[in-house]
Amino acid sequence: MTSTADGDATAGNLRDTLLSLAANGYASRSKSQKGSTSDLSIDEALVLHSIGWEPVELVCGAAAFSIPAGIWTWTQGEVVAASAAYAGAMGRAAAALQAECRAAGGHGVVGVRVDVTVERHLVNAVMVGSAVAPGGGARPPAMPFLSDLSGRDFTLLHLGGWDPVGLAFGASFVNAPRRSVSAAMRQSSQNVELTNYTEALYAARESAMERMQSIAGQLAGHGVVGVRVSEGPVPFARHVLRFSAWGTVVKASGRPDELGPVSVVVPLDDAALAFDAASLRGR
Amino acid sequence: MVHPGGIPEPDSGVSPDGYQGEVPPEAAGRLSSSAWSSGLSVNDFAACAQMGIRPVALVQGFCVMGWSWYGMGSPYLYRPAYGGAMGGAWSGMGGFRGGIPGTAGGGFGAPFAGGYQSGGYGGQGVSGGSYGRSRWGSTITSYSCPHYYTGMDHRNFGENFEQRWVSDAWQHGFDTAFARMMEEAAAAGAHGVIAVVDTVSHLIDASIREFHVYGTAVVVEGAPRPPAIWSTYLAGQRLAKLIEAGFMPASVVASMASVRVWAVCVTQALMAGGYQTGGWSAPSGEITQVSDAQMQARRLVRDHVKSSLGGDTLHGAALGVSWSDVGEGDYQVDAVLRGTRVRRVRDADPLPAPKLTLRLS
Chain V
118 MTSTADGDAT AGNLRDTLLS LAANGYASRS KSQKGSTSDL SIDEALVLHS IGWEPVELVC
178 GAAAFSIPAG IWTWTQGEVV AASAAYAGAM GRAAAALQAE CRAAGGHGVV GVRVDVTVER
238 HLVNAVMVGS AVAPGGGARP PAMPFLSDLS GRDFTLLHLG GWDPVGLAFG ASFVNAPRRS
298 VSAAMRQSSQ NVELTNYTEA LYAARESAME RMQSIAGQLA GHGVVGVRVS EGPVPFARHV
358 LRFSAWGTVV KASGRPDELG PVSVVVPLDD AALAFDAASL RGR
Chain U
5 MVHPGGIPEP DSGVSPDGYQ GEVPPEAAGR LSSSAWSSGL SVNDFAACAQ MGIRPVALVQ
65 GFCVMGWSWY GMGSPYLYRP AYGGAMGGAW SGMGGFRGGI PGTAGGGFGA PFAGGYQSGG
125 YGGQGVSGGS YGRSRWGSTI TSYSCPHYYT GMDHRNFGEN FEQRWVSDAW QHGFDTAFAR
185 MMEEAAAAGA HGVIAVVDTV SHLIDASIRE FHVYGTAVVV EGAPRPPAIW STYLAGQRLA
245 KLIEAGFMPA SVVASMASVR VWAVCVTQAL MAGGYQTGGW SAPSGEITQV SDAQMQARRL
305 VRDHVKSSLG GDTLHGAALG VSWSDVGEGD YQVDAVLRGT RVRRVRDADP LPAPKLTLRL
365 S
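Residue numbers (our numbering), protein chains in the order written: chain V, 118 to 400; chain U, 5 to 365.
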């Protein structure tokens, strides 16, 4: 999506603008006496402004949950208490973020950065983003939306007739099954698949994705966009594999698609990338 | 000395109003040199030149602060709330549970060392009551033990405490370095300072903290000197877009908040695996006191910045938070918020509706 301002934005005019502002002592024309805060870049603020939305407040939600002692020993199946603590921390953090947004008079939060740390006895989930609202002072909804998409993505979705509804997340911690002695001996010094780890990853992924999609369903969304997935061993218990996923739940708003026809641009100045798989992980 | 058109002479070395502040003589000499310096990238420099913004000098300020929080002999040990809780520790009931924190910034004492009943400590501490709370901080939330039993090492009471001596020291360090940079800018006859960079780092060891703020002092060619020198983290095209959108930077803003968790028994148990809560919290349960602290540190720093904004806007905020487990369930959360305070100076022309393009790259 690109947007260019008209002739007013040319550098020469900007020089005149700056001069006339300076002559005026940079006097404030703010209509509000209430300051606002946001972590949006100027590009994002501008693109939101183009659809009539403005940032209201920098908001956060955080929750810490306890992980019981003794659950990281190598047993079988899912580490239920860890998965529960993770889900609890994310859920509470999202609720706290929504409450802050509501208190600030926002209609939703865009650009939510999700930061989860898992320690031996502690899951810490923190979400920070900018609460936004449409101009005109419409009444904020009882349940503001949450989205980890940027202001730009929000604008694109909005124009395309989609609304973000909330964040969906799921995580699962699964013990890799122990190998039998004979299997371990057979596999030692062989380049073969370690099926116990593969199975554990599949189990963790299915549970995590299923949880994420179930939350999307509870939020009455039509789907989840921008899903970020991560997987790997838990650093302090490497026999446990963790899989986590989160993304923004969207639903069709019923508004007409305002995007119109897409024009194709073929830039001739950069290298062609067929598919950037790392972007799936948000990198 | 001012040009007829109102432009400060670039080589005057002294601001038009004769202000020299505390700029060292060497710096004053450098600032009065006919050649200018700048921290701008070539792109930013070109964009600024197009707007009529001309660099005059790279300006900077330093402030090095001693950074001992809970060292032996530190007045901060005798926290004033609850009549000096360290009185309990000194009275020999269990001693220091976290060990005596000799290393500044590293270890922290656990003032609630001995078991005590809240209410039994009025005025008992060494220096309790002699410091105003407003200076040292204040209790944000407090937590009571839900159990019916107590013991010598049972934490009957916990609280989340705003450590204002920490945030005040941080603010003093930053504000002083920033003011010194602005003095240099004034001495160079600047209208504004752009592309500000600030770093806060340990100098030599953990007990010394260095605040360093630098940026490029600029003048708007042909414009009169503004009522106050403005400053911003932005430069180049982002600055151009900000002005195009109807905003003018007023000032760089940075603030810090520090929240300390003095754990109540349930928090302490949950932080250690959760089986000692006496049935008061399920395993995998929420550690409310820590959740609260994480929220409070961020809210405090945001609201502190917000209280000084007036009708202005904090743009491009960067919220950095660090936390550390101090042991025994105690916890500290530090939050720093930076951004540019911007002011709406004209009604922006709305950006035209975006045009959708599909890049085949």
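Note that CB positions come from ideal geometry on N, CA and C, so glycine has one too.
Between the CA atoms of Asp296 of chain U and Ser262 of chain U - distance to the nearest angstrom | 13 Å
Looking at the unbroken beta strand (DSSP E) that takes in Asn292 of chain V, where does it start and where does it end?
-> 279 to 292
Please check if any C-beta of chain C sits within less than 8 Å of the C-beta of Arg302 of chain U.
-> Any reference to chain C falls outside this structure, whose protein chains are V and U.
Which two residues bound the contiguous alpha helix (DSSP H) that contains Trp174 of chain U?
-> 168 to 191
Ala204 of chain V: which of V:Leu274, V:Met326, V:Val381, V:Lys151 sits nearest, CA to CA?
-> V:Met326
Where Cys52 of chain U and Leu165 of chain V are concerned, what is the direct C-alpha to C-alpha distance, given to the nearest angstrom?
-> 25 Å
Cβ of Gly124 of chain V within 8 Å of any chain U Cβ | In this predicted model, Gly124 of chain V has a pLDDT of only 42, less than 50, meaning its place in the structure is not dependable enough to derive any value.
Straight-line CA distance for Leu311 of chain V to Leu318 of chain V?
-> 11 Å
Using 8 Å as the Cβ pair cut-off and three pairs as the minimum, do the stretch 243 to 251 of chain U and the stretch 207 to 218 of chain U touch?
-> no
Thr234 of chain V to Pro373 of chain V, Cα distance in whole Å?
-> 41 Å
Which same chain residues, not among the five before or five after Gln241 of chain U, have their C-beta less than 8 Å away from its C-beta?
-> Asn47, Asp48, Ala51
Taking 8 Å as the threshold, find out whether the stretch 262 to 276 of chain V comes into contact with the stretch 161 to 180 of chain V through three or more Cβ pairs.
-> yes
Can you name the residues of chain U whose CB is closer than 7 Å to the CB of Phe353 of chain V?
-> In chain order: nothing, as chain U lies at least about 13 Å away.
Short-range partners of chain U found in the stretch 154 to 175 of chain V, where Cβ spacing is below 9 Å | Thr154, Ser155, Asp156, Leu157, Ser158, Ile159, Asp160, Ala162, Leu163, Val164, His166, Ser167, Ile168, Gly169, Pro172, Glu174, Leu175
Is the CB of His275 of chain V under 8 Å away from at least one CB in chain U?
-> no
Look up Lys151 of chain V in the DSSP assignment and say whether it is helix, strand or coil.
-> coil
Within 8 Å (strictly less), CB to CB, does Gly278 of chain U reach chain V?
-> yes
Excluding five sequence neighbours on each side, which residues of the same chain lie with their C-beta closer than 8 Å to the C-beta of Gly253 of chain V?
-> Gly169
Flag Phe271 of chain V as yes if its beta-carbon sits less than 8 Å from any beta-carbon of chain U, otherwise no.
-> no
Could you check the C-alpha separation between Gln272 of chain U and Tyr147 of chain U for me, to the nearest Å?
-> 12 Å
Going by C-alpha distance, which of V:Pro258, V:Phe286, V:Gly246 is nearest Ala322 of chain U?
-> V:Gly246
Have a look at V:Val240, V:Pro251, V:Gly228 and flag the residue whose alpha-carbon is nearest the alpha-carbon of Val176 of chain V.
-> V:Gly228
Taking a Cβ distance cut-off of 8 Å, strictly less, list which residues of the stretch 279 to 293 of chain V are near chain U, in chain order.
-> none
Roughly how many angstroms lie between the CA atoms of Leu135 of chain V and Lys148 of chain V, to the nearest whole one?
-> 21 Å
Applying the criterion that 16 or more other CB atoms from any shown protein chain within 10 Å of the CB defines a buried residue, is Ala307 of chain U buried or exposed?
-> The amino acid occupying residue 307 of chain U in the given sequence is Asp; Ala does not appear at that position. Under this definition Asp307 of chain U is an exposed residue.
Give me the Cα-Cα distance between Ala227 of chain U and Ile57 of chain U, rounded to the nearest whole angstrom.
-> 10 Å
Just tell me which of V:Asn141, V:Leu385, V:Glu348, V:Ser183 has its CA closest to the CA of Val240 of chain V.
-> V:Ser183
What is the residue span of the alpha helix (DSSP H) that His166 of chain V lies within?
-> 159 to 167
Chain-ordered neighbours of Leu138 of chain V on chain U, where CB pairs are closer than 7 Å | Met252, Val349, Arg350
What residues in the stretch 310 to 325 of chain U bring their beta carbon closer than 9 Å to a beta carbon of chain V?
-> Lys310, Ser311, Ser312, Leu313, Gly314, Gly315, Asp316, Thr317, Leu318, His319, Gly320, Ala321, Ala322, Leu323, Val325
Does DSSP classify Ala220 of chain V as helix, strand or coil?
-> helix
Euclidean distance between Cα positions of Ala162 of chain V and Ala249 of chain U | 9 Å
Given that a residue counts as buried once 16 or more other Cβ atoms are within 10 Å of its Cβ, and exposed if not, what is Tyr218 of chain U?
-> buried
DSSP beta-bridge partners of Asn241 of chain V = V:Ala181, V:Thr234
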